[in-house]
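Going down the list, the sequences are from chains A and B.
Going by the numbering used here, the first residue of the first sequence is number 1, and it counts up by one from there.
Going by the numbering used here, the first residue of the second sequence is number 361, and it counts up by one from there.
There are 2 protein chains.
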Amino acid sequence: MNLELQDVDDLCTGAAFLGAGGGGDPHIGGLMVKQQLRAGRRIEIVDPDTLADDALVMPTAMMGAPTVLLEKIPSGEEPLRALRCVEEALGRRATATMPTEVGGINSTIPLYVGARLGLPVVDADGQGRAFPELQMETFAIEGVACTPMGIADEKGDYATICTDDPHRMEWIARGITIRCGGVAYFSNYPMSGAEVRRASVKHTLTLARRIGHIIRTARSRRQDPFEELEAFIATTSYGAARRIFSGKVVDLDRQTLEGFTRGAVTIAPDRGPGRPCVITFQNENLVARAGGDLLALVPDIITVLDVETAVPITNETLRYGQRVMVMAVRVPEIMRSPAALRQFGPAAFGLDEIYEPLAL
Amino acid sequence: MNLELQDVDDLCTGAAFLGAGGGGDPHIGGLMVKQQLRAGRRIEIVDPDTLADDALVMPTAMMGAPTVLLEKIPSGEEPLRALRCVEEALGRRATATMPTEVGGINSTIPLYVGARLGLPVVDADGQGRAFPELQMETFAIEGVACTPMGIADEKGDYATICTDDPHRMEWIARGITIRCGGVAYFSNYPMSGAEVRRASVKHTLTLARRIGHIIRTARSRRQDPFEELEAFIATTSYGAARRIFSGKVVDLDRQTLEGFTRGAVTIAPDRGPGRPCVITFQNENLVARAGGDLLALVPDIITVLDVETAVPITNETLRYGQRVMVMAVRVPEIMRSPAALRQFGPAAFGLDEIYEPLAL
């Protein structure tokens with residue numbers, strides 16, 4: 001399937017929804033992809049189930065603080081260079097690229113790379129949402145080698161990292177990213193087609209596009225977008241989505257720290273003096289609490305939407321006074337195993353709460 | 361010329377002298393080299409003037425905070441791996457290695473690498489002393505490409521950095537070093553034999569060995585080691601050395617910050633209440649002041665010696681109560697050009713004083 005121009009905005013919107021507040025500004029990535037399509041380049045999306053076993057898939061993405069990305073615009077060469085680093089280290093050429101996560105810019109970087117290099121883009125990723133750290137991948141849980149990893153910045157500098165420990169890869173790459181000014185582009189977890197099928201969350205580009213389509217069109221079809229989202233997601237491998245809070249942003253603590261955007265947003269309830277909802281984030285939203293109650297918890301997706309349009313609001317664009325709806329989405333089963341929860345469950349973020357999958 | 365076991369201690373002592381308080385603990389490097397010689401391996405020292413023009417020389421060294429090195433012992437594989445990174449990036453094998461600087465461990469790492477890999481070690485370096493940062497090299501001043509750079513840690517992790525800017529190389533590699541725990545091993549500025557001849561400070565391994573020999577034997581020959589050092593250095597390309605202060609260490613401010621050992625040592629004069637000498641360091645000693653007077657200034661070498669034995673005291677082993685002699689050594693002419701002073705003169709360290717070469 002070739003990606004069409006009108007798909008790009010829907011895909012960006014849906015990716016921001018699944019990105020749980022992180023994943024980087026979808027606007028910039030969308031512009032990069034549309035520029036390629038307008039220049040006549042094709043972007044072929046391929047189903048992971050049709051990949052040759054010996055395909056060589058090299059994921060591509062951005063890492064760093066989304067707050068920084070807003071001001072530090074990519075040159076466009078960075079992810080290509082990062083992929084070339086992996087090719088040179090392996091002595092083999094990529095036959096496809098794919099996302100490492102679903103989230104604003106990180107769903108679009110592989111589309112851009114695919115357009116630029118003429119590589120198909122696999123309709124799958126390694127997080128089924130966005131997470132802040134590089135070891136938080138189903139690829140790692142399923143034993144895919146995490147390196148060679150290529151990393152590049154907009155100044156033309158780049159590096160290739162080799163380690164067999166995904167946590168060490170994250171630690172070293174984050175150090176480089178900080179020194180690159182807080183944002184860098186990378187390629188890691190090079191995989192065979194067989195590994196992609198075993199180790200990825202499938203069909204998440206398609207999912208993002210459909211979610212974006214609902215958000216764009218529901219009102220004109222005189223439907224409630226939140227109801228439509230809940231009904232649609234119930235039919236997917238995610239299986240459950242639910243509105244957990246609505247209100248007004250009344251406080252925001254947001255800092256760019258150690259290569260991440262960290263903080264918390266406080267949302268006061270729509271009516272009366274009730275308990276506010278506090279959402280804590282490290283790039284992505286991790287936990288939503290109201291008073292003593294736990295409303296939703298990582299790895300389930302917590303996403304903040306404009307209460308009128310249902311357009312997702314990523315954490316770097318939160319501001320005082322926004323009227324918002326908070327939704328939670330249960331993650332697919334591959335992301336709820338004991339091994340998965342060790343990699344990106346509450347304890348991986350220093351949270352004490354016990355994860356229970358979102359109930360309807 | 362093959363390095364003999366009895367040369368190693370002299371070389372370490374002399375390298376610590378020229379290392380200006382930095383360069384890393386010579387004890388550890390000396391042990392590594394002696395272990396190789398005792399195991400029957402040879403270490404061939406070659407004169408840069410005899411190198412083939414198309415030789416491929418890959419310098420090897422340690423970087424980071426010497427305070428950390430004291431507790432974080434190398435596995436011995438790190439510098440070999442760093443050199444292999446450069447070989448793989450260039451697609452060519454090294455025909456020799458060499459020091460990047462003269463200084464404790466960094467004069468011995470290439471000897472160890474030479475022993476392990478059967479490579480000759482060139483009798484030259486890129487600093488004629490030790491400096492804290494990777495762009496502070498005569499190699500950079502003379503236009504040698506600074507990367508590909510390999511960097512490796514004791515955990516088996518490694519990376520290859522590519523940039524054409526030596527300051528960016530330093531910045532990114534320092535970030536990696538911090539994430540590796542404060543010490544890492546590297547290879548950079550791969551050079552042809554012709555480049556080594558043009559861009560290096562020559563015969564500094566030999567110089568270090570001779571200085572170490574004077575320090576070890578002067579007392580038994582009933583000579584004053586300080587007088588002998590001054591007389592000997594006057595005959596070399598350095599041309600001038602002078603005692604600038606003696607006294608007792610009465611204060612020490614030493615921190616491990618941003619991948620460096622930073623601080624200042626205060627030395628009270630031997631007799632009476634006179635002005636103390638304050639030496640400020642970033643790994644290496646940068647400036648020695650007493651009251652309003654400037655005693656010595658980077659790039660000239662400021663080195664602190666035990667007042668009885670003339671054994672150099674590196675900054676990570678300074679402690680209260682040590683009785684010391686401070687000597688200053690003028691650097692060779694290649695290191696005093698306007699281009700050289702831009703790279704490692706006072707302003708490069710944020711110092712306001714104007715450099716005047718040490719006068720006798």
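Note that beta-carbon positions come from the ideal geometry of N, C-alpha and C, so glycine has one too.
Because the structure is a prediction, the values reported are computed rather than measured.
Return the bridge partner residues of residue i from the DSSP annotation.
i, result
"Tyr545/B", "Met422/B and Ala512/B"
"Val689/B", "Ala601/B and Ile661/B"
"Lys562/B", "Ala484/B"
"Asp81/A", "Note that residue 81/A corresponds to Arg in the displayed sequence, not to Asp. Arg81/A pairs with nothing; no bridge assigned."
"Leu56/A", "Ser192/A"
"Thr457/B", "Met418/B and Val481/B"
"Cys506/B", "The partner list for Cys506/B (beta bridge, DSSP) is empty, contrary to what the question assumes."
"Arg683/B", "Lys608/B"
"Asn675/B", "None; Asn675/B has no bridge partner."
"Ile45/A", "Val121/A"
"Asp306/A", "Val324/A"
Looking at the unbroken alpha helix (DSSP H) that takes in residue i, where does it start and where does it end?
i, result
"Ile388/B", "Pro386 to Arg398"
"Tyr472/B", "Gly464 to Leu477"
"Thr177/A", "Pro166 to Arg179"
"Ile141/A", "Thr138 to Ile141"
"Phe381/A", "Given that chain A is displayed from residue 1 to residue 360, the structure contains no residue 381/A and the question cannot be resolved."
"Pro397/A", "Residue 397/A falls outside the range modelled here, since chain A spans only 1 to 360, and no answer is possible."
"Pro725/B", "In the structure as shown, chain B begins at 361 and stops at 720. Residue 725/B is therefore absent and cannot be evaluated."
Can the beta-carbon of residue i be found closer than 8 Å to that of residue j?
i, j, result
"Leu134/A", "Met63/A", "yes"
"Val625/B", "Ile604/B", "no"
"Thr60/A", "Pro110/A", "yes"
"Met687/B", "Phe586/B", "yes"
"Arg81/A", "Gly150/A", "yes"
"Ala544/B", "Ile532/B", "no"
"Ile267/A", "Ala20/A", "no"
"Val249/A", "Val311/A", "no"
"Ala425/B", "Phe546/B", "no"
"Thr553/B", "Ala650/B", "Note that residue 553/B is Gly in the sequence shown here, rather than Thr. In this structure, Ala650/B does not lie closer than 8 Å to Gly553/B by Cβ."
"Val68/A", "Gly182/A", "yes"
"Thr108/A", "Ser200/A", "no"
"Phe281/A", "Phe131/A", "no"
"Val102/A", "Asp125/A", "yes"
"Asp9/A", "Gly30/A", "yes"
"Val556/B", "Met496/B", "no"
"Ala89/A", "Thr160/A", "yes"
"Met392/B", "Tyr472/B", "yes"
"Glu170/A", "Pro74/A", "no"
"Tyr598/B", "Arg690/B", "yes"
"Glu618/B", "Ala512/B", "no"
"Ala700/B", "Ile501/B", "yes"
"Arg489/B", "Leu665/B", "no"
"Cys445/B", "Pro526/B", "no"
"Gln487/B", "Thr460/B", "yes"
"Gln36/A", "Arg92/A", "no"
Looking at the unbroken beta strand (DSSP E) that takes in residue i, where does it start and where does it end?
i, result
"Ile73/A", "Note, Ile73/A: premise wrong, no beta strand (DSSP E); not H, not E."
"Thr520/B", "Tyr518 to Cys522"
Could you tell me how far apart the beta carbons of residue i and residue j are, in whole angstroms, since I believe they sit closer than 8 Å?
i, j, result
"Leu83/A", "Ala96/A", "So it is not a contact: roughly 11 Å between Cβ atoms."
"Leu104/A", "Ala15/A", "This sequence places Gly at residue 104/A; Leu is not what is there. With a Cβ gap of about 6 Å, Gly104/A and Ala15/A count as contacting."
"Asn188/A", "Cys146/A", "6 Å"
"Val287/A", "Leu351/A", "6 Å"
"Leu565/B", "Leu371/B", "7 Å"
"Glu404/B", "Gly474/B", "7 Å"
"Thr674/B", "Gly382/B", "7 Å"
Next item on the list: Give, in chain order, every unbroken run of the beta strand (DSSP E) that is at least 3 residues long and sits entirely within the region 601–655 of chain B.
Entry: Segments of the beta strand (DSSP E) lying fully in the region 601–655 of chain B: 601–617, 620–629, 637–642 and 644–650.
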